[in-house]
Structure formats: structure tokens, C-alpha cells
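Working notes, beginning with the structure itself.
There are 2 protein chains.
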Amino acid sequence: MSKWHCAIIADADWRCELAHCHARDTSMKTYRKKDYPLAEIRRYLEPGPIVLVSSAWQGKFNIMTMGWHMMMQFTPALFGCYIWDGNHSFEMLRRSRECVINVPTSDLVNEAVGIGNCTGVHIDKFKEFGLTPVAGEKVGAPLIKECYANFECRLADASLISKYGLFIWEVVKAHVPTSPKYPETLHYRGEGVFMVSGRSISLREKFKPQNL
Amino acid sequence: MSKWHCAIIADADWRCELAHCHARDTSMKTYRKKDYPLAEIRRYLEPGPIVLVSSAWQGKFNIMTMGWHMMMQFTPALFGCYIWDGNHSFEMLRRSRECVINVPTSDLVNEAVGIGNCTGVHIDKFKEFGLTPVAGEKVGAPLIKECYANFECRLADASLISKYGLFIWEVVKAHVPTSPKYPETLHYRGEGVFMVSGRSISLREKFKPQNL
Chain A
1 MSKWHCAIIA
11 DADWRCELAH
21 CHARDTSMKT
31 YRKKDYPLAE
41 IRRYLEPGPI
51 VLVSSAWQGK
61 FNIMTMGWHM
71 MMQFTPALFG
81 CYIWDGNHSF
91 EMLRRSRECV
101 INVPTSDLVN
111 EAVGIGNCTG
121 VHIDKFKEFG
131 LTPVAGEKVG
141 APLIKECYAN
151 FECRLADASL
161 ISKYGLFIWE
171 VVKAHVPTSP
181 KYPETLHYRG
191 EGVFMVSGRS
201 ISLREKFKPQ
211 NL
Chain B
1 MSKWHCAIIA
11 DADWRCELAH
21 CHARDTSMKT
31 YRKKDYPLAE
41 IRRYLEPGPI
51 VLVSSAWQGK
61 FNIMTMGWHM
71 MMQFTPALFG
81 CYIWDGNHSF
91 EMLRRSRECV
101 INVPTSDLVN
111 EAVGIGNCTG
121 VHIDKFKEFG
131 LTPVAGEKVG
141 APLIKECYAN
151 FECRLADASL
161 ISKYGLFIWE
171 VVKAHVPTSP
181 KYPETLHYRG
191 EGVFMVSGRS
201 ISLREKFKPQ
211 NL
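Chains as they are written, first to last, in the numbering used here: chain A, 1 to 212; chain B, 1 to 212.
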């Protein structure tokens with residue numbers, strides 16, 4: 001076990017300064033992933049989990065925690081997200097025009113909060129939080145190995161970044177494990193509280209097949 | 001108990017034709033709501049629940065079920081959503097420039113699926129699904145009484161509707177009950193499957209107060 005050492009800096013990801021540094025969990029899960037159809041990624045993003053956005057720029061990696069995002073199109077797969085221009089990731093994403101959207105499961109809650117409460121200006125968050133960068137197939141930004149799913153993205157439209165902080169990404173490669181089918185994800189409720197995804201119920205018989 | 005009678009029509013809300021009509025639940029919950037701070041509505045929208053979007057245009061009401069949405073700003077409170085131009089609600093929303101975003105709890109799952117699987121072209125969905133329209137304070141679109149929370153919205157930016165189906169709304173009035181604090185909401189996983197929100201966990205002590 002080692003302690004995280006993060007500087008207290010006013011500029012930080014997830015609208016925050018550093019909160020607390022806490023012990024690192026050294027026994028993180030990993031998943032055996034496979035290529036996943038881009039037209040079906042909504043299954044993991046539409047429920048609204050917090051995601052970890054990884055980026056690379058000028059030889060450095062960064063990660064931020066993000067909850068303001070949405071699916072925008074099936075094919076090509078478009079995904080929109082709001083990023084505050086005070087985030088260290090903001091310029092890295094805007095300049096590199098690439099990212100990976102990583103979906104953490106609930107066992108990574110301490111990492112998600114820690115990443116969201118310190119800044120990447122002076123630290124390498126992969127090292128600080130014991131996460132493993134994996135090379136992307138289509139983008140220079142690294143995948144986070146310990147996350148359930150990884151979506152490699154290229155910036156599809158930069159025109160709304162200045163006005164709305166809105167990045168519109170095309171997802172160009174998806175890596176998703178076959179099991180578990182329904183990951184236990186984290187959904188931010190504000191006030192430091194996360195909802196953990198609960199049971200799944202099927203109303204499949206009430207849909208026409210083409211509407212599923 | 002009465003049966004819903006919905007026409008099978010190719011154009012429908014939630015990218016669908018009518019699936020099945022099913023029996024109406026006559027014992028729906030309602031909530032005692034109060035005015036809620038607009039800067040805090042993310043607590044109910046950021047977790048990513050499906051919402052019911054109600055609209056009014058030329059003397060008619062409509063409702064659609066929607067899962068592609070995101071918070072975009074705290075103050076003024078901006079909320080973005082994707083709406084398919086094949087939805088009957090699309091033109092009603094674009095022309096009236098108003099809507100109410102209603103958050104249903106899990107007891108309304110049949111209504112949410114039914115509303116998403118028929119079209120408002122020929123039916124009044126409030127009547128068909130036994131829901132109660134309540135006059136808005138700031139907009140002409142009706143609130144759905146049986147939903148947990150209601151957010152009255154005015155269109156803040158129409159410029160992205162043609163290209164992306166993206167409606168950017170300013171939330172101008174919020175109605176939220178004091179109890180339960182954490183509603184059991186529905187999150188769409190695709191394939192007719194919904195995730196029901198699970199337990200809440202607080203990591204408040206790991207955030208700085210200003211970051212909550």
C-alpha cells in the first residue's frame with residue numbers, strides 16, 4: 001500500500017481542488033475485452049455512468065473524471081461531453097483532438113474520486129492511482145486497463161467548445177468484455193454521493209424488435 | 001383497469017413503432033413537490049435516468065421517452081438533449097420552444113416503455129397512460145404529476161437542432177419533492193433492458209467542500 005501525494009492546486013479536474021489522498025488499492029480487477037460493435041456502445045453510455053477521460057499530449061498522459069455526457073448518434077457513433085476549460089485535460093483534449101472514454105466499475109470509486117479531486121498539471125495520474133495505460137489502436141490517448149470498457153474517440157466537431165465546452169467525439173474503436181454483461185457502474189448524485197447501478201429488468205416483450 | 005389502444009404507425013417516439021399495449025396501473029404514486037434550486041438540478045439529471053419530455057403545441061399535449069441527455073451548465077442551468085426528427089414531439093418542441101423534463105421513478109416503467117413505443121400523432125398520451133397534466137408556472141408545456149421531479153425548460157439555443165438534433169434548454173423552474181431524497185430511477189441499457197438505480201454511497205469526506 002502506498003499513499004498518494006497530490007499537490008493542493010486551485011486548477012483541477014472535475015471542478016475541484018484536491019480533496020484527500022488515500023491509500024491505493026493494489027488488487028484491481030482487469031477484464032478480458034474484445035472488439036465491440038460501435039453501433040451498440042449506447043448500452044454502456046446511455047445509463048449515465050461517470051467515465052474517466054484519458055488523453056495524451058506532448059508526451060504526457062492525463063485522466064479526468066466526467067459525468068456530463070450523452071450519446072448523440074448511432075452511426076457514426078457520436079458522443080458529446082461537457083468539459084470545463086479550467087480542467088488541465090481541456091487543452092490536452094482540444095489540441096490532441098483525441099481521447100479514450102473509459103467506464104470504471106464501482107470497485108474503482110476511490111480512484112474516480114481521487115482522479116477528480118487532483119490535477120494532472122504536476123502529477124502522472126496513471127502512476128499516482130496505480131492504473132495501467134494501454135496503447136490505443138486508433139488514437140494516441142491511452143486506454144485504462146482496469147476500466148470495464150474503453151472507447152477510443154476522435155474529435156468530430158470542435159465548433160462548440162468555445163461557447164459551450166461541448167466536445168463532440170466520434171467513437172472509432174470500442175473494447176468491451178463479454179462478462180459481466182451488466183457492469184456495476186457509478187453515477188454521480190452531487191454532494192459527494194454516488195448511485196451504484198442496481199438490478200436490471202427486461203421489458204423486451206413490450207418493444208418491437210426494431211426498437212430495441 | 002383499461003386497455004391502451006394505440007395505432008401501429010411507422011413514425012413514433014423513441015425510434016419506434018408501437019410495441020404492445022398493456023393494462024394501465026390505476027394506483028400511481030404522486031409526490032408533494034417544492035420549488036428547487038436550479039443550480040442543484042444536476043443531482044437528478046447527472047445520474048442519467050430516462051426522462052419523459054412533455055410538450056404543448058396548438059392545443060395538444062404530447063410526451064416522449066428520452067435517454068440521450070446531459071447537463072451542460074450550472075447557472076443558468078443548461079440541459080442538452082438529442083431528439084430524433086422522426087419523433088412527433090420534435091416539431092412540437094422546435095416550434096413551441098418549451099418543454100418539461102419529467103423524471104419518472106421505477107414504478108412508472110410500463111408507462112415509460114408504452115410512451116416510448118407509440119406515437120402522439122393520433123392519441124393523447126396523458127389520457128392513454130393515465131397521467132395527469134399540471135400547468136407549468138413558466139412554460140405552456142404540462143408537468144406530469146406522477147413523475148418524481150419536473151423541470152420547466154425554455155429553448156436556449158436552436159442552432160444545433162438541424163445538424164445534430166441537439167436541443168439546448170435553459171431550465172427555468174424546478175419542482176422536486178423532499179422525500180425520497182434518492183429516487184429509484186430507470187436507466188436504459190438497450191435491448192429492452194433497464195438498469196434500476198441501486199444503493200447510494202457517500203465519499204463526501206474525500207471531496208473539498210467547494211467540489212461537492
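The beta-carbon is built from N, C-alpha and C at its ideal position, and this holds for glycine as well. Predicted model, so just to flag it, every value in this text is computed and none were measured.
Cβ-based burial, residue i [other Cβ within 10 Å; buried from 16]
i, result
"H69(B)", "buried"
"G59(A)", "exposed"
"R32(B)", "exposed"
"S89(B)", "buried"
"R95(B)", "exposed"
"L212(B)", "exposed"
"T132(A)", "exposed"
"P37(B)", "exposed"
"P142(A)", "buried"
"P209(A)", "exposed"
"L160(B)", "buried"
"S179(B)", "exposed"
Identity of the residue in the options nearest residue i by Cα
i, options, result
"G136(B)", "E98(B), T119(B) and K163(B)", "E98(B)"
"D107(A)", "V196(A), E205(A), Q210(A) and Y188(A)", "V196(A)"
"L78(A)", "K138(A), A156(A) and K206(A)", "A156(A)"
"D35(B)", "P180(B), K173(B) and Y148(B)", "K173(B)"
"V109(B)", "F207(B), T185(B), R204(B) and G198(B)", "T185(B)"
"E247(B)", "Q210(B), K138(B) and A112(B)", "No information on residue 247(B) is available, as it lies outside the stretch 1 to 212 that chain B covers here."
"D85(A)", "E170(A), Y188(A), D124(A) and Y164(A)", "Y164(A)"
"A39(A)", "M72(A), L203(A) and R32(A)", "M72(A)"
"C147(A)", "C118(A), H175(A), G114(A) and V121(A)", "H175(A)"
"W57(B)", "S27(B), T30(B), K29(B) and E91(B)", "E91(B)"
"T119(A)", "S179(A), S200(A) and T65(A)", "T65(A)"
"T30(A)", "I41(A), G130(A), I123(A) and K125(A)", "G130(A)"
"S200(B)", "R43(B), S27(B) and K125(B)", "R43(B)"
"A158(B)", "G114(B), L93(B) and M28(B)", "L93(B)"
"R204(A)", "R154(B), P37(B), G114(B) and M28(B)", "G114(B)"
Run of the beta strand (DSSP E) containing residue i, from where it starts to where it stops
i, result
"V196(A)", "V193 to S202"
"R154(A)", "A149 to D157"
"S54(B)", "V51 to W57"
"K33(B)", "K33 to D35"
"Y82(B)", "L78 to Y82"
"K60(B)", "K60 to M66"
"Q210(A)", "Neither: Q210(A) is in no beta strand (DSSP E) and is coded neither H nor E."
"H122(B)", "Run containing H122(B): none; DSSP gives neither H nor E here."
Host alpha helix (DSSP H) of residue i (start-end)
i, result
"I115(B)", "V109 to G116"
"M92(A)", "H88 to S96"
"S27(A)", "Taken as a continuous stretch (DSSP letters only), S27(A) belongs to no alpha helix (DSSP H), as it is neither H nor E."
"E128(A)", "K125 to E128"
"Y188(B)", "Where Y188(B) is concerned, there is no enclosing alpha helix (DSSP H), although the beta strand (DSSP E) it sits in stretches over L186 to Y188."
"I168(B)", "Looking at the DSSP string, I168(B) is not in any alpha helix (DSSP H); the run it does join, the beta strand (DSSP E), is L166 to P177."
"L45(B)", "R42 to L45"
Beta-carbon spacing of residue i, residue j below 8 angstroms
i, j, result
"I83(A)", "G67(A)", "no"
"V100(A)", "N150(A)", "yes"
"C81(A)", "F167(A)", "yes"
"L45(B)", "I144(B)", "no"
"F207(B)", "G192(A)", "yes"
"E152(A)", "V139(A)", "yes"
Contact belief for residue i with residue j at Cβ below 8 angstroms, rounded distance in angstroms
i, j, result
"G198(A)", "G190(B)", "With 8 angstroms as the limit, G198(A) and G190(B) do not qualify as a contact, their Cβ atoms being about 17 angstroms apart."
"E170(B)", "P76(B)", "5 angstroms"
"S54(A)", "N102(A)", "6 angstroms"
"Y188(A)", "P47(B)", "7 angstroms"
beta-carbon residue i near the ligand PLP non-hydrogen atom, thresh 7 angstroms
i, result
"I115(B)", "Summarising the ligand content, the structure contains no ligands, and the ligand PLP is consequently not present."
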